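For reference, the structure discussed in these notes is given below.
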Amino acid sequence: MYNLLFARSTGGTFILRIEDTDVERSREELSAQILAAMEWLGLDFDEGPFYQSKRTDLYRAAAEKLLAEGKAYRAFEKPEELDVERKAAEAAGKAYRYSGAGRDISPDESERRARAGERHVVRLKMPAETIVVEDLVRGRVEFLPEALDDFVLVRSDGHPLYHFCVCVDDADMRITHVLRGDDHLANTPKHVALFAALGTPVPQFAHLGMILGTDKKKLSKRHGAAAVEEWRDVGILPETLFNFLALLGWSPGDDREILTRAEMETLFSIDRIGASPSVFDPEKLLWMNAQYIHQLPAEELLARSAPFATAGLPPTPVALAAVELHRTRVRTTIEMGRALAAYAADPDEYDADGMKKQVKPETAAQMAKLVENLEAVSDWTIGPLEEALRRTAEELGVSAGKLIHPTRLALTGITVGAPLFDVMALLGKETAMRRLRSFEKRIGSQG
RNA sequence: GGCCCCUUCGUCUAACGGUUAGGACACAGCCCUCUCAAGGCUGUAAUACGGGUUCGAUUCCCGUAGGGGCUACCA
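Residue numbers for the first sequence follow the numbering used here, beginning at -17 and rising by one.
Structural data, given as structure tokens:
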């Protein structure tokens, strides 16, 4: 998202690259899921997607070049040997580093052994000097040479590795800015060294704080595309999620929180990115989604809620009025769908607590009286309906509430929701009377 | 273990040496009200700790603590 916003705010190009170099873990459906999530969120890229798995020739050529120039070398240790060294270092309480033994093999011998088919990896010759990373959000970060070792560029099966592909691609695609998770800061000196070896300019880096779960732990399992789909499925609008996520780590500088895409695209700037990690608060996401639901035109809100409603309603005047009636009462399009369902079908059950609380022994008789009076109402609109109900209450010598609450229960199956007379008017006389009679029957038989 | 990053209300954040430390979510109260919301008003609540530097530190430096990351023939 920040890469997109940055590109848009500066007139740059937003390129999508799928880094699927790990043949064991990469799967077609995973990238498809990412693409779908990006489309839903509105992360429209200008170029790509480019799949690293399809660009192996490029990496192979780069590796050959580094080898030829003596900036990289072949190493012939077996993984098991390295494991032993690593375990030994660990047991001794020391930091493990690759011995660098491969550096001492002469180019001729290296060439000969490779041609003979001996398995080997390609490692980068890390320079024996401090590597400085100039980070746009963290400032200057230094890495001492003893902390870095000659990492592997190409596996012994010939597959190029992530760090290598990234730098080759960044150079090839002329990437100017890399905005990525904080977790990559420690990898950046590798990249800087690689760019130097490749003889290409080093892009600018901006390392972003990670997003944490409510437990303050790094968001796991439910991250990335899967999480985006989860929020979509509970009725969060994509523009809400975009807005919310944009504010996790960035702020426009004033107190505004509800921002359009266009506003974010012009206001975004790297100097307003914070360095600290942030906790993802679903409560605030829900609040923000409600804000978006308040703003949406009724037709659109209806259309976007319909897939979730038990019965999708056509955009009739009644449906649109129902949307207006409920928009301040729901936080997700799912909830809107549920609220709208009451206008499409009679309640199939009544809220149990509501029945207990609102239905008293005398209620059946009171409701009978109300039904009788409502039957006489010819102008089925809010005013006359309220008048009829209040008159009934007066005749019965009870407060209006004694009738209002059971009526709402009869009409919608629940005790909370939109103002009763609005609901009645929208339902229409026929539907309302049918529901009232069936409720009357139900509580009558209950005794 | 080694290296690196981070640290303002419970949460998201503003304040780029001088503010009664601001806003938002959540929470509480009040108003509105047929219920539930929405909305309005009010309130509780923070500079992790310890040292410096400075006339003055949330802000700059060092240390401690806590959290996170990297340390793969993963990304």
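Cβ atoms here follow ideal geometry from the backbone N, Cα and C, with glycine treated the same way.
Just so we're clear, the structure is a prediction, and the values are computed from it rather than from any experiment.
Length of the line joining the Cα atoms of residue i and residue j
{"i": "E21", "j": "V123", "result": "35 angstroms"}
{"i": "V119", "j": "E72", "result": "34 angstroms"}
{"i": "A178", "j": "V184", "result": "8 angstroms"}
{"i": "D335", "j": "M192", "result": "44 angstroms"}
{"i": "H107", "j": "T248", "result": "Note on identity: in this sequence residue 107 is Lys, with His being the wrong assignment. In a straight line, the C-alpha of K107 is about 42 angstroms away from that of T248."}
{"i": "Y274", "j": "I316", "result": "14 angstroms"}
{"i": "K53", "j": "G99", "result": "22 angstroms"}
{"i": "A188", "j": "A175", "result": "17 angstroms"}
{"i": "H166", "j": "A209", "result": "21 angstroms"}
{"i": "E46", "j": "F32", "result": "22 angstroms"}
{"i": "G429", "j": "G383", "result": "Residue confidence is low: G429 scores 46 on pLDDT, short of 50, so the model does not pin down where it sits. No coordinate-derived value is stated."}
{"i": "R313", "j": "W269", "result": "7 angstroms"}
{"i": "G121", "j": "G181", "result": "24 angstroms"}
{"i": "F(-12)", "j": "V160", "result": "10 angstroms"}
{"i": "V5", "j": "M(-17)", "result": "26 angstroms"}
{"i": "N169", "j": "E265", "result": "34 angstroms"}
8 angstroms Cβ shell around residue i - same chain, five flanking residues per side excluded
{"i": "L295", "result": "L284, A288, A301, A304, L322, Y325, A326"}
{"i": "G410", "result": "V300, W362"}
{"i": "L194", "result": "K200, L201, P259, S260, V261, F262"}
{"i": "R137", "result": "V103, L143"}
{"i": "L267", "result": "W213, I218, T222, L223, F226"}
{"i": "I(-3)", "result": "F27, D28, E29, G30, F32, M155, I157"}
{"i": "R372", "result": "A382"}
Residue i - containing alpha helix (DSSP H), residue span
{"i": "Y274", "result": "264 to 277"}
{"i": "R37", "result": "Careful: R37 lies outside any alpha helix (DSSP H) and carries neither H nor E."}
{"i": "Y441", "result": "For residue 441 there is no data in the structure shown, the boundaries of the chain being -17 and 429."}
{"i": "L135", "result": "Unbroken run through L135 is the beta strand (DSSP E), 134 to 136; no alpha helix (DSSP H)."}
{"i": "N355", "result": "345 to 357"}
{"i": "F27", "result": "Here F27 belongs to no alpha helix (DSSP H), and DSSP marks it neither H nor E."}
{"i": "V341", "result": "Element bounds for V341: n/a, residue is neither H nor E."}
{"i": "A304", "result": "299 to 308"}
{"i": "K384", "result": "383 to 394"}
{"i": "I364", "result": "364 to 378"}
{"i": "K69", "result": "61 to 73"}
Beta bridge counterpart(s) of residue i as assigned by DSSP
{"i": "W232", "result": "I255"}
{"i": "I460", "result": "A question about residue 460 goes unanswered here, because the residues of the chain that appear run from -17 up to 429."}
{"i": "M113", "result": "Here residue 113 is Ile; the residue named in the question, Met, does not match the sequence. DSSP output for I113 lists F125 as bridge partner(s)."}
{"i": "S260", "result": "I193"}
{"i": "V104", "result": "R56, V136"}
Contacts around residue i, its chain only, beta-carbon distance under 6 angstroms, and the 5 residues preceding and following it disregarded
{"i": "G426", "result": "A346"}
{"i": "A272", "result": "R313"}
Span of the beta strand (DSSP E), counted from its first residue to its last, around residue i
{"i": "G163", "result": "159 to 163"}
{"i": "L(-13)", "result": "Where L(-13) is concerned, there is no enclosing beta strand (DSSP E), although the alpha helix (DSSP H) it sits in stretches over -16 to -8."}
Close beta carbons around residue i, own chain, < 7 angstroms, minus the five adjacent residues each side
{"i": "C149", "result": "H173, L176, F177, L180"}
{"i": "G231", "result": "L190, G191, I255, G256, S260"}
{"i": "E376", "result": "none"}
> In chain order, which continuous runs of the alpha helix (DSSP H) of length 4 or greater are located wholly inside the stretch 179 to 208?
Replying inline: none
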